[in-house]
Amino acid sequence: MVNPEAVLSPLPLKKRLTRLAGRVGLPTVVGLFRLLPLPAARWVGRSIGLLLYGVLKRYRNTAHKNLALVYPDLPKRERHRMARAVFLHFGMAVAEFVKLPQLDRSTVDQMAVVEGEEHLQQALAKQRGAFIITGHFGNWEFLARWLATHNYPLNVIARRSEDPETEKLLTNTRLQNGAHVFQRGEAVRPVLQSLRKNELVGILPDQNAGDIVVPFFGLPTGTTDGPAVLHLHTKAPLVFSWCTRREDGRFHILFEPPVAYEPTGDRAADVLAIMTLVNRHLEGQIRKNPTQWLWLHDRWRASPWVFERQEGALQQADSTAAEHLAEGKR
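All the letters of the sequence shown, read from the start, carry residue numbers 7 to 336 under my numbering.
Structure follows, in structure tokens:
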């Protein structure tokens, strides 16, 4: 019997077929990854990342566009090499994410080199909870697993996925990973409750948003104001935290000294100052290991004005390269 809701669905046929494939294929792929040893899962993840670099034109072009915006002086070939490395890294990070709930504390400790845990403890000693500020950098989900296996109560604010099956996978895996998930837009009350219990709240404020405009990579960039608003309201310290992939396959987890901003009385100026600080910390980490950040996200979608600068910078870079080439031929 034909399901009338399926026939009358307002979703386009392509999207309905994609969601059907997700309901069937996603659990199968996840199940296969969880059967593999971690090194094999990483290899498969990198291979899938390479494949996706070739077939996902939209995301590949977004990565190229973003890298050209931030690194206009680099040769195009080098920027494309970086974009390819981003896809490989992201493929491996996704494979690791699927495997994380299977990793016990002993395994997690073998995979991590931790620096600055005393800063996290210093923040929690104030009994106000703390905000873990990080980005889609390195393996942020492994950072959550380390916190959970070391008995730090963790809550994360996440953006809801458009695809129901993907959303289900992300939420369930994060719960298995030891983190409670609050959906963005519905998080204020549970965040306040968590902080009152002296728990951690993880925020990743490095994605496209249009709340305020502050510098990011030297560009006036649309940015969320959430961390600043919450910090000013709760006085819970900000702990910048990073989980960087090392060449030996382990992760370097760094907790920076807690930040407590002293309000000036001008709320709008305070929000701008705090988010400028947040973006500065994010940028600093990304510049150290640029291929470990999610350049395939359309970070500057709410900041269309920045691409006027990009076009001028790229034209200047191409002109300079042509001059050097001409001089070399003389």
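Heads up, the beta-carbon is just placed ideally off N, CA and C, and yes, glycines get one too.
Keep in mind it's a predicted model, so treat the numbers as computed, not measured.
Give me the Cβ distance between residue i and residue j, rounded to the nearest whole Å; I'm assuming they're in contact under 8 Å.
| i | j | result |
| --- | --- | --- |
| PHE257 | GLY144 | 7 Å |
| ALA164 | GLN189 | 6 Å |
| LEU126 | ASN183 | So it is not a contact: roughly 18 Å between Cβ atoms. |
| GLY55 | LEU94 | 4 Å |
| GLU171 | LEU302 | That pair is no contact at about 21 Å. |
| LYS294 | ARG134 | At roughly 30 Å, the Cβ-Cβ gap does not stay under 8 Å, so LYS294 and ARG134 are not in contact. |
According to DSSP, what are the bridge partners of residue i?
| i | result |
| --- | --- |
| ILE259 | VAL120 and CYS249 |
| GLY228 | VAL219 |
| GLY208 | ILE138 and VAL162 |
| HIS186 | ASN161 |
| LEU149 | None; LEU149 has no bridge partner. |
| PHE143 | TRP299 |
| VAL76 | Per DSSP, none; premise fails for VAL76. |
| LEU244 | PHE137 and VAL265 |
For residue i, which of the options has the nearest alpha-carbon?
| i | options | result |
| --- | --- | --- |
| GLY290 | ASP272, LEU73, PHE246 and PRO269 | PHE246 |
| ALA266 | THR250, ARG83, PRO211 and HIS239 | HIS239 |
| ALA275 | VAL219, GLU123 and ARG166 | VAL219 |
| LEU113 | GLY255, ARG273, ARG305 and GLU262 | A small correction: the amino acid at residue 113 is Thr; Leu does not occupy that position in the sequence shown. Considering only alpha carbons, the answer is GLY255. |
| ASN157 | LEU206, TYR59 and LEU44 | LEU206 |
| GLU314 | GLN108, VAL104 and LEU225 | LEU225 |
| PHE103 | LEU288, LYS82, LEU149 and ARG286 | LEU149 |
| LYS132 | PRO33, TRP248, ARG202 and ASP169 | ARG202 |
| GLY60 | ARG87, ARG40 and THR297 | ARG87 |
| VAL119 | TRP301, ARG195, THR250 and VAL197 | THR250 |
| GLU123 | TRP248, VAL197, ARG252 and LYS82 | TRP248 |
For residue i, which residues of its own chain have a beta-carbon under 7 Å away from its beta-carbon, when the five flanking residues on both sides are left out?
| i | result |
| --- | --- |
| LEU130 | ALA136 and ASN204 |
| ARG307 | ASN214 |
| HIS237 | PHE137, LEU244, TYR267 and ILE280 |
| TYR77 | ARG85 |
| SER167 | GLU173 and LEU176 |
| LEU109 | ARG151 |
| GLY28 | In this predicted model, GLY28 has a pLDDT of only 49, less than 50, meaning its place in the structure is not dependable; the value taken from the coordinates is given anyway. Hits under 7 Å: ASP169, GLU171 and THR172. |
| MET117 | ARG256 and PHE257 |
| LEU278 | ILE218 and VAL220 |
| PRO269 | LEU238 and ASP276 |
| ARG286 | none |
| PRO45 | none |
Quick one: residues in its chain with C-beta nearer than 6 Å to the C-beta of residue i, no 5 flanking neighbours on either side, listed in chain order?
| i | result |
| --- | --- |
| ALA99 | ASN145 |
| ALA193 | ILE163 |
| LEU300 | HIS142 |
| LEU288 | GLY141 and ASP212 |
| SER309 | THR227 and GLY228 |
| ARG252 | HIS258 |
| VAL197 | VAL207 |
| PRO159 | GLU205 |
Would residue i and residue j qualify as a contact pair, given that the criterion is a beta-carbon distance under 8 Å?
| i | j | result |
| --- | --- | --- |
| VAL92 | ALA69 | yes |
| ILE292 | PRO211 | no |
| ASN161 | GLY232 | no |
| ALA89 | ARG66 | yes |
| ARG52 | GLY97 | yes |
| ALA185 | ALA234 | no |
| VAL284 | LEU75 | no |
| THR282 | PRO221 | yes |
| ALA101 | ARG40 | no |
| PRO43 | GLN128 | no |
| VAL187 | ARG180 | yes |
| ARG273 | ASN72 | no |
Can you list, in chain order, the residues of its chain with a C-beta nearer than 8 Å to that of residue i? Leave out the 5 residues immediately preceding and following it.
| i | result |
| --- | --- |
| GLU121 | HIS258, ILE259, LEU260 and PHE261 |
| ASP217 | GLY228, THR229, THR230, ASP231 and GLY232 |
| THR297 | MET88, ALA91, VAL92 and HIS95 |
| ARG111 | THR155 and HIS156 |
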